[in-house]
Amino acid sequence: MEKIVVTIISGSERKGGNSDSVVNYLANYFQSVDCSVHSVFLSEKKIIPCGSCGDCNYRSSPCHLDDDVASIVDCLVNSNIIIYVAPVHAFGMAHKMQIFLERAGVGYLRFNRPLSNKLGGCVVVGRRYNLGNVHDQLLNNFLLNRMIIPGSGYPALIQGGESGNIWHDEEGVSAINQLMERLYSLAISMSVKKTDEFCLSQNERIAAENNSKMKV
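For the sequence shown, UniProt numbering assigns the number 1 to the initial residue and increments by one for each residue that follows.
#1: Can Leu-186 and Leu-119 be called in contact, C-beta distance under 8 Å?
#2: Beta strand (DSSP E) containing Leu-76: first to last residue?
#3: Please confirm if the segment 47 to 58 is in contact with the segment 19 to 35, defined as three or more CB-CB distances below 8 Å between the two stretches.
#4: Please work out which residues of its chain come closer than 8 Å, Cβ to Cβ, to Val-40, disregarding the five sequence neighbours upstream and downstream, and give them in chain order.
#5: Using the beta-carbon count (16 or more within 10 Å), is Gln-31 buried or exposed?
#6: Out of Gly-107, Tyr-84, Phe-91, state which residue places its alpha-carbon closest to the alpha-carbon of Met-97.
#7: Which stretch, first to last residue, makes up the alpha helix (DSSP H) that contains Ala-86?
#8: Which full runs of the beta strand (DSSP E) of 3+ residues lie inside the segment 124 to 185, going along the chain?
#9: Whose C-alpha, out of Asn-80, Lys-45, Gly-17, is nearest the C-alpha of Val-37?
#10: By the 10 Å Cβ neighbour count, where 16 or more other Cβ atoms means buried, how is Val-134 classified, buried or exposed?
#11: Where does the unbroken alpha helix (DSSP H) through Val-22 begin, and where does it stop?
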């Protein structure tokens, strides 16, 4: 069975803050269960805002702006699990994460929805206000891209102000742990099923599908 590939994106503009700390926490878990992990920090990337061309929804080719969005999208396309870690600024999503979602969506992902059936999860980091609304926005983005969102209990919303304070939020940490474990267990189940189906001959696969239909 091939290694499960996990890409984690920190949407914070600030290096080494709470969001980056959550990314490292997630990465340590997935590495401990032998996944291949890619951590992407948008603070280190060149992300150009949408311009005035106005043809995003009509053009038949990817966005022409020359920055790091295309390479990040390639990383997502080659992943089994995608996790967004987004901080809350001014009652909404931090602007660099918002810009990335806009550029990736209309500039690359809308053509053939290459993230279909990938597992998605998100963690929202903030002081106190509007974490749930940002979480909802990220879930809607996953759904738009036809991804699979596994239920893992309470949403992974973690509260804290100064760097490091988030780890005092026991409920938030518990929600992150449940999200990680659920994403991993479901990815394993999907990978095993895919391997089993690959090993079947065409006749065996047809027979298995017919048996499944008869049970229904």
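Note that beta-carbon positions come from the ideal geometry of N, C-alpha and C, so glycine has one too. In this text, all values refer to a predicted model and were calculated from it rather than measured experimentally.
Quick answer:
#1: Residue mapping note: residue 186 aligns to position 186 of the sequence shown, counting from 1. Residue mapping note: residue 119 aligns to position 119 of the sequence shown, counting from 1. Contact flag set, yes.
#2: Residue 76 sits at position 76 when you count from the first residue of the sequence shown. Where Leu-76 is concerned, there is no enclosing beta strand (DSSP E), although the alpha helix (DSSP H) it sits in stretches over 69 to 77.
#3: At 8 Å Cβ cutoff, the stretches do not touch.
#4: Position 40 of the sequence shown, counted from the start, is the residue given in the question as residue 40. Closer than 8 Å at the Cβ level, and outside the excluded window around Val-40, lie Thr-7, Ile-8, Ile-9, Ser-10, Ile-72, Cys-75.
#5: Here residue 31 is taken as the residue at index 31 of the sequence shown, counted from 1. With fewer than 16 other Cβ atoms within 10 Å, it is exposed.
#6: Sequence index remark: in the sequence shown, residue 97 carries index 97 (1-based). For the residues Gly-107, Tyr-84, Phe-91, the minimum Cα distance to Met-97 belongs to Tyr-84.
#7: Position 86 of the sequence shown holds residue 86. Residue range 81 to 89 is occupied by the beta strand (DSSP E) that includes Ala-86, with no alpha helix (DSSP H) assigned at that position.
#8: Listed in chain order, the complete beta strand (DSSP E) runs (minimum 3 residues) inside the segment 124 to 185 are 157 to 159.
#9: Within the sequence shown, residue 37 is the residue found at index 37, counting from 1. Comparing Cα positions, the closest option is Asn-80.
#10: Reading the sequence shown from its first residue, position 134 is the one you call residue 134. Label assigned to Val-134: buried.
#11: Residue numbering aside, residue 22 sits at position 22 when the sequence shown is read from its first letter. Taken as a continuous stretch (DSSP letters only), the alpha helix (DSSP H) holding Val-22 covers 18 to 32.
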